[in-house]
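Heads up, the thing below is written out as structure tokens.
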Amino acid sequence: MASLLKATYHLFFPAKGKPNWTHTTTDAEGNTTTVEGQECRHRATLSPEPCQDCKRESGQQVRYRWRIILGLVLPFAISALDVTIIASALPWIAADFNRVTQLNWIIAAFNLTAAAFIPFWGQMADIFGRHSTIQACMILALIGGGVCTGTPHNAFPMLLFGRAVQGIGCAGMNVVIRAIVADKVSLREDAYTWSIFSLVGGCSYAIGPVVGGYLTKTTWRWCFGINLPIGAAGCVIVFVFLRPVLLGPQPLPQLEETTQTGRKSSTMQRLATIDAGGQVLCLLGFGMLVLSFTWAGATYDWDTPAVLVPLIAGFLIMFAFIWWQREMEPARRLAKLFPRQRAMIPWQVIKTRDIGLLFFTSFASGMAMYAVMYFCSLYFTMVKHLPANEAGRALLFFVPGIAVGVYIAILMCNNWPRQTWHPIMTGSIIEAVAIALLAWAMWEERDRVVYGMMAMAGVGVGVRFMPVPLHGMGFFPQQISAIVSLSQLSDPLGGTLGLTIMTTVFNNVVNFGTNTTASGNDFMALQNLPPEVIAGIKESAKEGIVWAFIAIFPFMILCIVAAAFMGSVYLTTGADDEDENENQIYEGVYLWALLCKEKIDRNSEKVKVTHRAAYANGPSLPRQELDLELEREFRLAKPE
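Just so it is clear: in the sequence shown, position 210 is 215 by the working numbering, and no numbers are missing.
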């Protein structure tokens, strides 16, 4: 057992051995002297003895790594479970409230706030520090779960309110946890550590419907209540074990704070740096868009004012949001009008081609993941007539796919080719193939193919978990919170829009409004209906689910196109001659460079170097001594 655990550990964190060198010298008399040993930055000459400074730094790095992993695994697992735990229970929840045609709102209420508040929490993490922010997020998630657990059957809006509060808390947990993992470590070490969280998150997404299915056998309320004691334990663990090592409030240039002075401003002064206009526009824009897509088809026709007004208003507000972020750039009008406020997402980040393409690929990946989690559950429930626990158990085929995908990403990012473009493109292709074949397999009711394509979709999702944020942070290592916010925003936003489109198509095809028999209080009651009625409901539901998958397939194709126009980020090997404070990026179209057989390795002149912020140093960055920092600043300032 110990050897298995050790092998698993080295799978994620391979040993970084020091190369042995041989140095041969010949004196004037022709005598040859050979010295063998290891070379490191702490000593000028070779030595056969291990370097104690390197050993000490390695120990610090390992201890910090596991402190972060063990301290954050509970909050991270809970935030992932909250997304999918109701997938298999969703029809029963909607039926209990007699709102089957509005079941998408149970998902949309969570995803709307989970998406809209992500940039807000990114700013909070910088302004008030990581610990205060993550504690606030966990408490909000607990409050939302408590409201959902105690909602009466005649208070559907109260359930949606609880889900919305849950979404606000989970949005913050996702952002802050991702930022904490990236803090104080190099991009290479971040890749190693995040691979663990990718696996935990992927498995939590996948087992959520299974857990929810079994809990629904008692009551669906346990799907929300089960997280309350676990979340409380997570709050205590973070406070006791992580509070001393987490980054505090970050220095804000608007308040004349520097790395040396740290926090010297009051709480109100720091609150005044929040981009209030951007936050309001972001919330209103996303809210209007999700509202219009949720109403379209299911509640109102597409050409009615109830759909068109929020749809048009949502797009206009989002354009206003982009304009607002541009004008918040230094020396522009809004920046002069609000000199203390920080742009929610810096314009330099928004206008970068790779960031926009990266956002869309994650957006489409969120569509694929949510489609499998929720509509495969509907397939097993309404077409195969499985109870909630068996429908949830069928979704377990998604788990091994995610594990395989995460492992492929580990190999691609940490071994070969040690770049981010390859796993992003690979995952995009796999997702598209899986979604297309899922639609065909469900139409033909070939369950083995359905299970296989669920696993394949898991591979496509899992292989992208790690490289997507690494790609963005490689381009903007000093904007970790903004990059993490965009990365975390894209998945739930894509999932929300994807489920909205799929639910609209499903409702339009199935039209429960004319077949009220299928919307009773218990889906298993279908078994008691006459065979001809059951057959009609089954065929109608199957057709609706298949067309729902077909409706999102064009987004999967566009995802491949977007990935094809991206650049790439090179990950370091950990060698002593590499500065782990530096990231190497290729800003051109990487696929075109490959087709043209251009030389674009990490030593190419076309590869650009970016640098991380000085205040985010930690145990895995031991070279940040003052003399080396000054030398680097001199090198950067020196004209070509």
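Note that the Cβ used here is the ideal one computed from N, Cα and C, for glycine as well.
These numbers come from a predicted model, not from an experiment.
With residue i and residue j assumed to form a contact (beta carbons below 8 Å), what rounded beta-carbon distance in angstroms separates them?
i, j, result
"H476", "L596", "Going by Cβ atoms, the distance from H476 to L596 rounds to 14 Å, so no, they are not a contact pair."
"D131", "Q255", "4 Å"
"T278", "Q330", "Their Cβ separation, rounded to whole angstroms, is 15 Å, which puts T278 and Q330 out of contact at 8 Å."
"W126", "A176", "6 Å"
"R168", "G151", "Not quite, the Cβ-Cβ distance comes to about 12 Å (not below 8 Å), so this is no contact."
"I173", "F122", "5 Å"
"Y456", "F402", "4 Å"
"G503", "I415", "Their Cβ separation, rounded to whole angstroms, is 27 Å, which puts G503 and I415 out of contact at 8 Å."
"M333", "A340", "5 Å"
"L599", "C418", "Their Cβ separation, rounded to whole angstroms, is 18 Å, which puts L599 and C418 out of contact at 8 Å."
"R72", "F246", "6 Å"
"M129", "M178", "In fact, because the Cβ distance is near 12 Å, the residues do not count as touching under 8 Å."
"T154", "R248", "Incorrect: roughly 29 Å between the Cβ atoms, too far for contact."
Ignore the nearest five residues each way along the sequence and tell me which others in residue i's own chain have a CB closer than 7 Å to its CB.
i, result
"I407", "G207, C208, A211, G463, V466 and G467"
"M561", "A369, A373, E436, A437 and I440"
"R398", "V215 and G218"
"W445", "none"
"A311", "W300 and Y305"
"S490", "I123, P124, G127, V180 and I350"
"D527", "Caution applies to D527, whose pLDDT of 48 falls short of 50 and renders its modelled position unreliable; the model cannot decide the point."
In its own chain, which residues sit with a C-beta less than 6 Å from the C-beta of residue i, not counting the 5 before and 5 after it?
i, result
"T89", "Y210, G213, P214 and M378"
"V404", "C208 and A211"
"Y591", "G572, S573, I605 and V612"
"L77", "I182"
"C228", "I90, I91, A94, G217 and L220"
"P624", "Confidence is the limiting factor: at P624 the pLDDT is only 38, short of 50, which leaves the residue's position unreliable, though a coordinate-based value still follows. The residues are Q65, Q66 and Y69."
"P288", "The amino acid occupying residue 288 in the given sequence is Leu; Pro does not appear at that position. Answer for L288: A121, listed in chain order."
"E684", "Coverage of the chain is limited to positions 6 through 645, which leaves residue 684 absent and any answer about it impossible."
Suppose contacts are defined by Cβ-Cβ distances below 8 Å. Is residue i in contact with residue j by that definition?
i, j, result
"T505", "V295", "yes"
"I322", "G282", "no"
"I434", "I605", "no"
"V515", "A546", "yes"
"G319", "M293", "yes"
"M507", "A376", "yes"
"A85", "T501", "no"
"G5", "S367", "No answer is possible for residue 5: the residues shown for the chain start at 6 and end at 645."
"I550", "F380", "yes"
"V411", "S200", "yes"
"P497", "N116", "yes"
"F480", "T357", "yes"
"R104", "F166", "no"
"D87", "Q171", "yes"
"F365", "A569", "no"
"I652", "T224", "Past the boundaries of the shown model lies residue 652; the chain is included only from 6 to 645, so the question cannot be answered."
Could you name the residues of the same chain whose beta carbon sits closer than 8 Å to that of residue i, not counting the 5 residues immediately before and after it, in chain order?
i, result
"R135", "V181, A184, I185, D188, L251, L252 and G253"
"K543", "M387, V388 and H390"
"I413", "P428, T431, V464, G467 and V468"
"M461", "G406, I435, V438, A439 and L442"
"L631", "Because L631 sits at a pLDDT of 33, beneath the cut-off of 50, its placement in the model cannot be relied upon, and the following sentence gives the value as read from the coordinates. Answer for L631: no residue qualifies."
On a CA-only basis, which of the options is nearest residue i? Give me that one, please.
i, options, result
"P80", "V241, V510, G410 and V551", "V241"
"D452", "I488, L494 and L400", "L400"
"R423", "P472, F380, T118 and S382", "P472"
"V314", "F133, F298, N394 and L383", "F298"
"I355", "E332, G371 and I327", "I327"
"A141", "R226, G361, T425 and V243", "V243"
"I83", "W110, F202 and N103", "F202"
"Q274", "K222, W448 and F343", "F343"
"K222", "D308, P335 and P96", "P96"
"P482", "A336, V170, S191 and F161", "S191"
"N493", "V594, I360 and L600", "A small correction: the amino acid at residue 493 is Gln; Asn does not occupy that position in the sequence shown. Among V594, I360 and L600, the Cα nearest to that of Q493 belongs to I360."
"N63", "E194, T118, H158 and F133", "According to the sequence as given, residue 63 is Ser; it is not Asn. It is E194 whose Cα lies nearest to the Cα of S63."
"M163", "Q57, F102, T615 and L247", "F102"
"A119", "I98, Q107 and L145", "L145"
"I139", "I488, G236, A568 and P55", "G236"
"A487", "W307, W352, E548 and T198", "W352"
"T615", "L108, R337, I485 and N420", "I485"
"G371", "S495, A336 and L108", "S495"
"M478", "E450, N588 and L563", "N588"
(Q) Report the start-end ranges of each alpha helix (DSSP H) in the region 357–403 that is 4 residues or longer and not cut off at the edges. (A) 358–383 and 393–399
Minimum length 4: unbroken alpha helix (DSSP H) runs contained in the region 148–211:
As for any alpha helix (DSSP H) of minimum length 4 sitting wholly inside the region 148–211, the runs are 161–187, ordered along the chain.
For the region 267–336, list the alpha helix (DSSP H) runs that are entirely contained and at least 4 residues long, ordered along the chain.
-> 272–276, 281–300 and 310–332
Would you list, in sequence order, the uninterrupted beta strand (DSSP E) runs of no fewer than 3 residues that lie entirely inside the region 553–608? 573–575 and 587–591
Worksheet item: Could you give the uninterrupted runs of the alpha helix (DSSP H) lying entirely in the region 446–472, keeping only those of 4 residues or more?
Response: 452–470
What are the uninterrupted segments assigned as beta strand (DSSP E) that are 3 or more residues long and contained completely in the region 214–253, given in chain order? none
Start-end ranges of the alpha helix (DSSP H) lying completely within the region 87–114, minimum 4 residues: Here the runs fully enclosed are 95–101.
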